[in-house]
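Residue numbering for the sequence shown is 46 to 171, as defined by the numbering used here.
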Amino acid sequence: MKYQKPHLDKQFEEELEPLCAAIALYADMRCQVLFGCELTVTSVFREKTTDSGIHALLRAVDMDNDKDLTPEQKQELCDMINDIFVYDVGRKNFKVCKYHSVGGTWGGDHLHIQIHPATRQRIYPK
Ligand SMILES: [Zn+2]
Numbered sequence: 046m047k048y049q050k051p052h053l054d055k056q057f058e059e060e061l062e063p064l065c066a067a068i069a070l071y072a073d074m075r076c077q078v079l080f081g082c083e084l085t086v087t088s089v090f091r092e093k094t095t096d097s098g099i100h101a102l103l104r105a106v107d108m109d110n111d112k113d114l115t116p117e118q119k120q121e122l123c124d125m126i127n128d129i130f131v132y133d134v135g136r137k138n139f140k141v142c143k144y145h146s147v148g149g150t151w152g153g154d155h156l157h158i159q160i161h162p163a164t165r166q167r168i169y170p171k
């Protein structure tokens, strides 16, 4: 796993919610195994603006690899994470991973990984 900017490694390791960091590390590991390349952390903490504010709560991390991954491969990683982790069993419309183009540091599509106090690993992954 790589960091787009030097300060992001400290934020990731010392401030990001540990479960969120663990899921991000898992996504990077799967990316390396499946696609032979690493993910890059592009954003951890951000002040709340027009978004949900979840980055300001240190419960979300953005990851990308614009150079080596196709949109289909990013979507595959996203689906894989959501097959394993459930954001909040009471609110099934919320997902742990979103593949979208909102708020990305590189301005493009990226993986947004987020957690909630209710986030759990599925007992029986899909
Ligand atoms: Zn995000």
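Note that beta-carbon positions come from the ideal geometry of N, C-alpha and C, so glycine has one too.
Around the C-beta of residue i, are 16 or more other C-beta atoms found within 10 angstroms, so that it is buried, or is it exposed?
{"i": "arginine 104", "result": "buried"}
{"i": "aspartate 73", "result": "buried"}
{"i": "asparagine 138", "result": "exposed"}
{"i": "aspartate 128", "result": "exposed"}
{"i": "leucine 122", "result": "buried"}
{"i": "valine 89", "result": "buried"}
{"i": "threonine 15", "result": "For the chain, the structure presents residues 46 to 171; residue 15 sits outside this window and is missing."}
{"i": "aspartate 113", "result": "exposed"}
{"i": "glutamine 77", "result": "exposed"}
Could you check if residue i belongs to the surroundings of ligand 3, using beta carbon to heavy atom distance under 7 Å?
{"i": "alanine 105", "result": "With respect to ligand 3, the structure shown offers nothing to examine, as its ligands consist of ligand 1."}
If you follow the beta strand (DSSP E) that residue i is part of, which residue opens it and which one closes it?
{"i": "glutamine 159", "result": "155 to 159"}
{"i": "methionine 46", "result": "Neither: methionine 46 is in no beta strand (DSSP E) and is coded neither H nor E."}
{"i": "aspartate 111", "result": "Per DSSP, aspartate 111 belongs to no beta strand (DSSP E) and is neither H nor E."}
Hey, quick one: how far does the alpha helix (DSSP H) through residue i stretch, first residue to last?
{"i": "tyrosine 144", "result": "Counting along the chain, tyrosine 144 falls outside any alpha helix (DSSP H), though it belongs to the beta strand (DSSP E) covering 142 to 145."}
{"i": "valine 86", "result": "Valine 86 -> not in any alpha helix (DSSP H); beta strand (DSSP E) instead, spanning 85 to 88."}
{"i": "valine 78", "result": "63 to 80"}
{"i": "aspartate 54", "result": "52 to 55"}
In terms of alpha-carbon separation, which member of the options lies closest to residue i?
{"i": "glycine 153", "options": "Gly135, Asp107 and Leu122", "result": "Asp107"}
{"i": "phenylalanine 130", "options": "Pro51, Cys65, Phe90 and Met46", "result": "Cys65"}
{"i": "cysteine 142", "options": "Phe57, Thr94, Gln120 and Thr85", "result": "Gln120"}
{"i": "valine 134", "options": "Ala101, Lys112, Ile168 and Phe90", "result": "Ile168"}
{"i": "glutamate 60", "options": "Lys47, Leu102, Leu122 and Ser97", "result": "Leu102"}
{"i": "glycine 98", "options": "Lys171, Gln77 and His157", "result": "His157"}
{"i": "leucine 79", "options": "Asp54, Ala67, Lys47 and Met125", "result": "Met125"}
{"i": "serine 146", "options": "Glu92, Glu58, Met46 and Asp111", "result": "Asp111"}
{"i": "arginine 165", "options": "Ala69, His100 and Tyr132", "result": "Tyr132"}
Between residue i and chain C, is any beta-carbon pair separated by less than 8 Å?
{"i": "threonine 94", "result": "Annotation note: the requested chain C is absent from the structure, which comprises a single protein chain."}
For the putative contact between residue i and residue j, defined by C-beta atoms under 8 Å, what is the C-beta separation to the nearest angstrom?
{"i": "histidine 155", "j": "threonine 87", "result": "6 Å"}
{"i": "threonine 85", "j": "glutamine 49", "result": "5 Å"}
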